[in-house]
Amino acid sequence: MKKKYRVKKEKEFQEVFHHGQSIANRQLVLYTYAKPGQSHFRVGLSVGKKMGNAVERNQIKRYLRQALHELEPAIQTDLDILLIARKDICGRSMAEVRKSMIHVMNLAHILDKEILKSIMGGFNEN
303 MKKKYRVKKE KEFQEVFHHG QSIANRQLVL YTYAKPGQSH FRVGLSVGKK
353 MGNAVERNQI KRYLRQALHE LEPAIQTDLD ILLIARKDIC GRSMAEVRKS
403 MIHVMNLAHI LDKEILKSIM GGFNEN
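Quick note on numbering: the sequence shown equals residues 303 to 428 in the working numbering.
#1: What's the call for A356, buried or exposed, on a 16-neighbour Cβ count within 10 Å?
#2: Quick check on this structure: which residue in K304, K310, I325 and E317 has the alpha carbon closest to the alpha carbon of M403?
#3: Using only the alpha-carbon positions, how far apart do Y365 and E398 sit?
#4: Pick helix, strand or coil for R394, following the three-state DSSP scheme.
#5: Could you check whether T334 and A433 sit closer than 8 Å to each other, using their CB atoms as the reference points?
#6: Would you decide whether A369 is buried or exposed? Buried here means 16 or more other CB atoms lie within 10 Å of its CB.
#7: Within 10 Å of its beta-carbon, does N428 have 16 or more other beta-carbons around it, so buried, or fewer, so exposed?
#8: Starting from S420, trace the alpha helix (DSSP H) in both directions and tell me its first and last residue.
#9: So, with DSSP's three-state summary, where would you put G322?
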């Protein structure tokens, strides 16, 4: 994920956190905040210290970034997104993290289902 596509500043995090809508499942909490006219979605990731040591937290962040990269064409462009990892995500495989992310994004209605079907044809999750 390019730096210009990240939510980095504390003020931006707080804006999405306080004014955005939240959807959650057991592994992730997703906050979305509409930014009309934005050409590409922006993402902020949060993995707390309760998730384990730095190695485990960084692995979770890598899995989340990779799943975002794979789903990028199907995600709405006019959004700021915060992804907050929950304790249940620890020890999950890349495929499970991707599946959890798809689930929570479908609940939030931010994925284009047609594009998602074409993307997911390359993954054998079933």
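Note that the Cβ used here is the ideal one computed from N, Cα and C, for glycine as well. Computed from a prediction, not measured in an experiment: that's the story for all the values here.
Well, looking at it:
#1: exposed
#2: I325
#3: 10 Å
#4: coil
#5: Lying before the first or after the last residue shown, residue 433 is absent from the chain, which here runs from 303 to 428.
#6: buried
#7: Only weak support exists for where N428 lies, its pLDDT of 39 falling under 50; the value from the coordinates is given anyway. Result: exposed.
#8: K415 to M422
#9: coil
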